[in-house]
Amino acid sequence: MRQIRTLMMAIALAAALPLGIGAGRAEEVPERIVLVDKLMAMLSLDQAMSQVAAATTQTIVARVRRANPGMTDANANAVYKLFYDAMMGMTDESITLSRASLLKYYTKEDLKVMIAFYETPTGRKSIELMPQIIQEVTLETQGMLERRLPPLVEALNKRLKDAGYNLPG
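As numbered in my numbering, residues 1423 to 1591 make up the sequence shown, in order.
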């Protein structure tokens, strides 16, 4: 585990340096990495990603089952596992990207203030509720897209066709 953390810190450092950490801030990078790691651990980013992946996967499976009413539970479970595993396969990359972004945009002082907030009762409540909020917003957004996208695509295809363009495949 320590080797993985050291590797992740090296990757984050390598990713952050070209992203605008100048020579004046380079010496604070190790402390900032420690602060970013603490913040990310407090936020349980990997757990939140897992919850979002599960909710998204459930939505996908429900859509597949609606399109295939005779689908067996075994096949639905296979679809779930395939999609969920694919989404979770992106977790490490997402965490690395998150770490690099936090290092890019937040100073040491910013990170300390954020950590202090998340240590308060309101901050802990925010951490607790965030996966649920993200899940609800994601599901509602997917629903909106499902309702609004077909007419939009139809209008776009008509416009492209009327203008003499080929329609996307």
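Here a beta-carbon is modelled for each residue, glycine too, at the ideal position from N, C-alpha and C. Predicted, not measured: the structure shown is a model, and the values here were computed from it.
Around the beta carbon of residue 1553, a 10 Å sphere encloses 16 or more other beta carbons of the protein chains shown; the residue is thus reported as buried. Within the model, the alpha-carbon separation for residue 1579 versus residue 1573 is close to 10 Å.
Counting only the Cα atoms, residue 1521 lies some 10 Å from residue 1515. Around the beta carbon of residue 1559, a 10 Å sphere encloses fewer than 16 other beta carbons of the protein chains shown; the residue is thus reported as exposed. Here DSSP, grouped into helix, strand and coil, assigns residue 1540 to helix. In this structure, residue 1461 sits near residue 1536, with a CB-CB distance shorter than 7 Å. Beta-carbon to beta-carbon, residue 1474 and residue 1557 are separated by about 6 Å, close enough to satisfy the 8 Å threshold. The stretch 1452-1466 makes contact with the stretch 1523-1539, as at least three CB pairs between them are under 8 Å. For residue 1519, the enclosing alpha helix (DSSP H) covers residues 1513-1527. The criterion of a C-beta distance shorter than 7 Å is satisfied by residue 1502 and residue 1483.
Distance from the Cα of residue 1470 is smallest, within the candidate group 1494, 1453, 1496, 1509, for 1509. Cβ-Cβ distances below 7 Å link residue 1561 to 1477, 1481 in the same chain, with the five nearest sequence neighbours on each side left out; the list follows chain order.
Considering only 1485, 1539, 1497, the residue with the shortest C-alpha distance to residue 1465 is 1539.
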